[in-house]
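Numbering (the working numbering), first residue to last: 33 to 671. Before any comments, here is the structure.
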Ligand code: GLA
């Protein structure tokens, strides 16, 4: 058993979240005022129109079957007299679309801004779409709002990688006319990652892999890639290996052999190519799940209205589907290390019973078509049997679930795991770990409850992985960030304590603004790539050695900082020279490091801010200024 290292709990770092504003629903990241100011100053406007020239030609309807008619209209306008009017819409997906990939660069982030309204009270969604390397379209809702008046969609972050095409933002919802005014696409400033903070994968190298899940869109900006390269040695595809992403309905229908579902990795290629190019081991997620699995997979001839197939037919489909997934991965990505694979996800309720039989669409996504066809949870054993039969030797097979600390579910998982282990079919349990810090001391689950689950699973004689870690907070107050930092610190103490049984700790997402729980700030990095207090709480106090760099990593160069001029410190930490050392100094120092040409600090300010004993102003100084501002340390401790 490895020694338990005691980390310093963070006692009150300034939430670096000062850089974060409230996030919107859906995937989009929202730019902060500082970043928007930088973007505005740099004036990298890609496209901007108030429609006063009555030119709507940059917009189009969404394909041939879309009945939308686009025109300049004086019905409504937020500025001047004209707006764009999308009339004649007959389906909610009809609407005006703006092509991005002929005006924007892959790998760069952009902000989309627009004022939108319906003819009457309407709900309008701004979405994003792209086609993958096989031409299959993908859709992501960026944000939405309802109103009988103008809505402002501001600073919606979009980006795409160089292996996708037909990239659009579009407006949809209802079937009334939609109006758009003051539309713009602005290039976002490039924000480098913090290079001089510890690398999570190096900090925990003696204990377990540190990983993240990501999606094709999230991975597009270079800085996100750099963040993953710096901190992670495990990668999970957030959606792109799920059944709905890889089962190829058209190809199977064309083949006419519905017992042999064909698969297609086109959704997954962007991320898998990144993993391959950078030698990052991959956690496969997921083969058998009730959610994100189309109902037609369980129906005669893959038809939406077909009869449900028999258990015998489904067994053939399941075996061939699993076989085809591993064959496709082996064929296209023989050098990628799929070191773990979630064979079955979320099959047990919190009470430890199988899910209700049903289709995905009915009464939410809690029902299971697997149970509908099999009558019970017996499909689990078959799934593991086939996965064992076809998975490459080095791929460990996992059962994965959430609320994994609830007693009923835990008992069911333990029984199932013991049975599968006896048959040599399972290698590990995945604890998703979607947690909730809440306020004060009522985190759910409590650390004791979570440890109980960890103890239970690690005593099964199987591997354990933390597969989807994120811990939400209620708001972006300093108190919440501190509670989150303390909670994460306690969790990582547990992970280290049980490290001989834990092979990976994987976060569900890279940054708060692109997390599926973005409004609750669950991760370790802010939207501007800066580390949050919870990051420091899990690295502080752990001794580690950075391995020698064997090959150069392509990263955006950190801003150069001038060396200390020969001025004397007037007040330690007082970057803005207002005589005080407070939060404003932290903000100005961070902004300066992110973009020195947009945010200048006087020579005296740099001397005042250069407090950490490092050469020149850097991230260590901003941390030290935070501590000074919050009186965690005194000037004499730094001197
Ligand atoms: C579950 C699934 C994941 C993902 C998250 C939410 O935990 O296992 O694949 O869908 O929910 O994003």
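Positions of the beta carbon are idealized from the N, C-alpha and C atoms, including for glycine.
By DSSP's assignment, residue 262 forms no beta bridge with any residue. Secondary-structure assignment with DSSP links residue 200 through a beta bridge to 131, 161.
Within the DSSP bridge table, the entry for residue 137 names no partner.
Residue 84 and residue 215 have their alpha carbons spaced roughly 12 Å apart.
In the three-state reduction of the DSSP assignment, residue 477 falls in the coil class, being assigned neither a helical nor a strand state. Beta-bridge pairing by DSSP links residue 244 to 267, 539. Residue 150: member of the beta strand (DSSP E) spanning 142-150, first to last residue. One Cα belongs to residue 535, the other to residue 461, and the distance between them is close to 11 Å.
Fewer than three Cβ pairs drawn from the region 377-396 and the region 356-367 lie within less than 8 Å of each other, which leaves the two stretches out of contact. In the pairwise beta carbon analysis, the region 91-103 is classified as touching the region 124-140: at least three pairs are separated by under 8 Å. When distances are taken from the beta-carbon of residue 322 to the heavy atoms of the ligand GLA, even the shortest one reaches 7 Å or more. Here residue 283 is exposed. Its C-beta has fewer than 16 other C-beta atoms within 10 Å. Assignment of residue 579 by DSSP, reduced to helix, strand and coil, places it in the coil class.
With a contact defined as Cβ atoms closer than 8 Å, residue 463 and residue 499 qualify at about 7 Å. Remark: the shortest separation between the CB of residue 414 and any heavy atom of the ligand GLA does not fall under 7 Å.
Considered as a whole, the region 349-403 harbours 370-377 as its complete beta strand (DSSP E) runs of no fewer than 3 residues, in chain order. With a minimum length of 4 residues, the unbroken runs of alpha helix (DSSP H) contained wholly in the region 629-667 fall at 635-641, 651-661. Annotation: the region 487-517 contains the following complete segments of the beta strand (DSSP E) (minimum length 3 residues), in chain order: 495-504.
Here DSSP, grouped into helix, strand and coil, assigns residue 178 to strand. Spatial neighbours of residue 231 in its own chain (CB-CB distance under 6 Å, excluding positions within 5 residues in sequence) are listed in chain order as 262, 263.
Judged by the Cβ position, residue 398 fails to qualify as a neighbour of the ligand GLA at the 7 Å threshold, every heavy atom of the ligand being at least this far.
For residue 325, no beta strand (DSSP E) encloses it, and the DSSP letter there is neither H nor E.
Per DSSP, residue 298 has no beta bridge partner at all. A distance below 6 Å between beta-carbons, with the five flanking residues on each side excluded, links residue 515 to the following residues of its chain, in chain order: 469.
The nearest non-hydrogen atom of the ligand GLA is 7 Å or more from the C-beta of residue 84. The C-alpha of residue 407 is placed about 32 Å away from the C-alpha of residue 477.
The beta-carbon distance between residue 657 and residue 643, rounded to whole angstroms, is 6 Å. This is short enough to meet the 8 Å contact definition. Our two residues, residue 501 and residue 560, have alpha carbons roughly 20 Å apart in a direct line. Listed in chain order, the non-local C-beta contacts of residue 333 below 8 Å within the same chain comprise 285, 290, local neighbours out to five positions each way being set aside. Inter-residue distance for residue 144 and residue 416 is about 45 Å (C-alpha atoms, whole angstroms). If you check the CB distance, residue 183 and residue 151 do not come in under 8 Å. Cα atoms of residue 113 and residue 169: separation of roughly 36 Å, rounded to the nearest angstrom.
Counting along the chain, no alpha helix (DSSP H) covers residue 429; the unbroken beta strand (DSSP E) around it starts and ends at 428-433. At the C-beta level, residue 111 and residue 213 come within 8 Å of one another. The alpha-carbon separation between residue 373 and residue 526 amounts to approximately 24 Å.
Distances between the C-beta of residue 500 and the heavy atoms of the ligand GLA include at least one below 7 Å.
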